[in-house]
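Peer 1:
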Amino acid sequence: MNIVLLLLLLAGIAASLLSGRGDGVLAALQDGTANAVGTVLKTSGAYLLWMGLLNVAEQAGLVRALSKLLSPVLRLLFPDAGRAKEAISLNLAANLLGMGNAATPYGLDAMRLLNEANPRPGVATNAMCVLLAVNASCLEVFPATLVGLRASFGSTDPAAVVLPTLLSSFAATAAAVILCLACTRPCRSRS
Amino acid sequence: MPVAVLILALLLYAAIRRVNVFEAFRAGAARALPLMKTILPTLAVFSAATSLFRASGAADALHALLAPVLNALGVDPALVPLLLVRPFSGSAAVGALTDVFTRYGPDSRVGLTASVLLGSSETIFYTLALYFGSVGIRRTRFTVPVALFAMLTSAACGILFSNLFFGA
Chain A
1 MNIVLLLLLL AGIAASLLSG RGDGVLAALQ DGTANAVGTV LKTSGAYLLW
51 MGLLNVAEQA GLVRALSKLL SPVLRLLFPD AGRAKEAISL NLAANLLGMG
101 NAATPYGLDA MRLLNEANPR PGVATNAMCV LLAVNASCLE VFPATLVGLR
151 ASFGSTDPAA VVLPTLLSSF AATAAAVILC LACTRPCRSR S
Chain B
1 MPVAVLILAL LLYAAIRRVN VFEAFRAGAA RALPLMKTIL PTLAVFSAAT
51 SLFRASGAAD ALHALLAPVL NALGVDPALV PLLLVRPFSG SAAVGALTDV
101 FTRYGPDSRV GLTASVLLGS SETIFYTLAL YFGSVGIRRT RFTVPVALFA
151 MLTSAACGIL FSNLFFGA
């Protein structure tokens, strides 16, 4: 990120000076930072609403209910999860419901429990790799915050993107899961 | 309006389960404040840099340079900032998305595609660093290539499905 930022700033200043627009540099930079405040205010509606509603969903037991439904998937993906199984299923359920903030503590808890049973400290176990791969591909049942952001910018149909978003994150999750299974069980295809 | 039905169902379910909706909503919304506090500085830095990059004319030059490659891939140049920052920073990605919304509108072709791209990908490098860092894992084996492949899949599918759904 540091390099991306430096390149943007240096190229911007150099191009301004070369084209004789050096006087505009300060104004352009401050326009940017002032814009950031506007963006945060504009997005605040979506964040306040959905983080509130998602917490209502969590308190109502939606994460727990979904994590029970996930147990067959869990047996397939994490055959050697052991004691971390509950934390993993809560992490996946929270991710599916789009509760990134709720998912992280469960995920870190799962990593801790998996690491306690790790025969080679410092080296990731199969279950850890699969957990990360699933977390890195972000399948969500309903991308609530995204829909909220679109609404706060005046979209006439904020939910229009839900289906293509679902399809494409499903494809990414499927790709990650298939690759992981191929990496963790190379012998099965030969038997 | 499907979202209205969703919220109605959620509230009814919570009421049946005897959840204190007021308290739960309040506690959840309270967590949005620290989130906004962490988003603002990241956003300020990147807004300043991109605003300067555009005003200086460097963006137009880069645009002209990349246009043939991006057109061949079917990628709108306005999506490039979002695709570049997405794996590293969620705040910067939201900034890039709202930038597209402000300049082209959330219901424009590029606004819709940007929404799909953001919604179907994850801040993979942050997640990897956080999870593996928390338990001191140094050898991550096949995780990074798999996560990168998932990222590429979601980007390719995001652009493909957007073209299918919203017209090429």
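Order-wise, the sequence lines are chains A and B.
Counting from 1, one number per residue, gives the positions in the first sequence under this note's numbering.
Counting from 1, one number per residue, gives the positions in the second sequence under this note's numbering.
A virtual CB, placed ideally from N, CA and C, is assigned to each residue, including glycine.
I'd like the list of long-range same chain contacts for A:LEU70, defined as Cβ closer than 7 angstroms, with 5 residues on each side in sequence excluded.
Peer 2: SER89, LEU92, ALA93
Peer 1: Please state if the CB of B:LEU118 and the CB of B:LEU70 are separated by a distance shorter than 8 angstroms.
Peer 2: With respect to B:LEU118, B:LEU70 sits apart: the two C-beta atoms are not nearer than 8 angstroms.
Peer 1: Take B:ILE124 and list the residues in its own chain whose beta-carbon comes closer than 8 angstroms to its own, dropping the five residues that flank it on each side.
Peer 2: PRO87, ALA147, LEU148, ALA150, MET151
Peer 1: Between the alpha carbons of A:ALA133 and B:SER134, how many angstroms are there, rounded?
Peer 2: 16 angstroms
Peer 1: Do three or more CB pairs link the region 123-139 of chain A to the region 99-111 of chain B at distances below 8 angstroms?
Peer 2: no
Peer 1: Expressed to the nearest angstrom, what Euclidean distance is found between the alpha-carbon atoms of A:ALA103 and A:LEU97?
Peer 2: 9 angstroms
Peer 1: In chain order, which alpha helix (DSSP H) runs of at least 4 residues are fully inside the region 97-149 of chain B?
Peer 2: Whole alpha helix (DSSP H) segments, 4+ residues: 109-119, 124-134.
Peer 1: Taking C-beta pairs closer than 7 angstroms, name the residues in chain B that A:ALA175 reaches, listed in chain order.
Peer 2: PHE149, ALA150, THR153
Peer 1: Please tell me whether A:ALA133 has its Cβ less than 8 angstroms away from any Cβ of chain B.
Peer 2: yes
Peer 1: How many Å lie between A:ASN35 and B:ALA92 at the Cα?
Peer 2: 13 angstroms
Peer 1: Go through its chain and collect everything with a Cβ distance to B:LEU84's Cβ below 7 angstroms, but skip five positions before and after it.
Peer 2: Cβ within range, chain order: n/a, list empty.
Peer 1: State yes or no: is the beta carbon of B:GLY57 nearer than 8 angstroms to at least one beta carbon in chain A?
Peer 2: yes
Peer 1: Have a look at A:VAL141, A:GLY148, A:ASP109 and flag the residue whose alpha-carbon is nearest the alpha-carbon of B:TYR131.
Peer 2: The alpha carbon of B:TYR131 has as its nearest neighbour, out of A:VAL141, A:GLY148, A:ASP109, the alpha carbon of A:ASP109.
Peer 1: Which residues in the same chain have their Cβ closer than 8 angstroms to the Cβ of B:ALA24, if we skip the five residues on either side of it in sequence?
Peer 2: ALA14
Peer 1: In angstroms, rounded to a whole number, what distance separates the CA positions of A:VAL25 and B:LEU52?
Peer 2: 6 angstroms
Peer 1: According to DSSP, is A:VAL130 part of a helix, a strand, or is it coil?
Peer 2: DSSP places A:VAL130 in the helix class (H, G or I) of the three-state scheme.
Peer 1: Using 8 angstroms as the threshold, is the C-beta distance between A:ALA57 and B:LEU10 below it?
Peer 2: yes
Peer 1: Can you find the residues in the same chain that come closer than 7 angstroms, C-beta to C-beta, to B:VAL75, ignoring five residues on each side of it along the sequence?
Peer 2: ILE159
Peer 1: Give me the residue from A:LEU10, A:LYS85, A:THR43 with the minimum Cα distance to A:ARG112.
Peer 2: A:LYS85
Peer 1: So for A:VAL123, helix, strand or coil by DSSP?
Peer 2: strand
Peer 1: Using a Cβ-Cβ cut-off of 8 angstroms (strictly less than) and excluding sequence neighbours within five positions of B:PHE166, which residues of its own chain qualify?
Peer 2: ARG109, LEU112, THR113
Peer 1: In this structure, how does DSSP classify A:THR184 when only helix, strand and coil are distinguished?
Peer 2: helix
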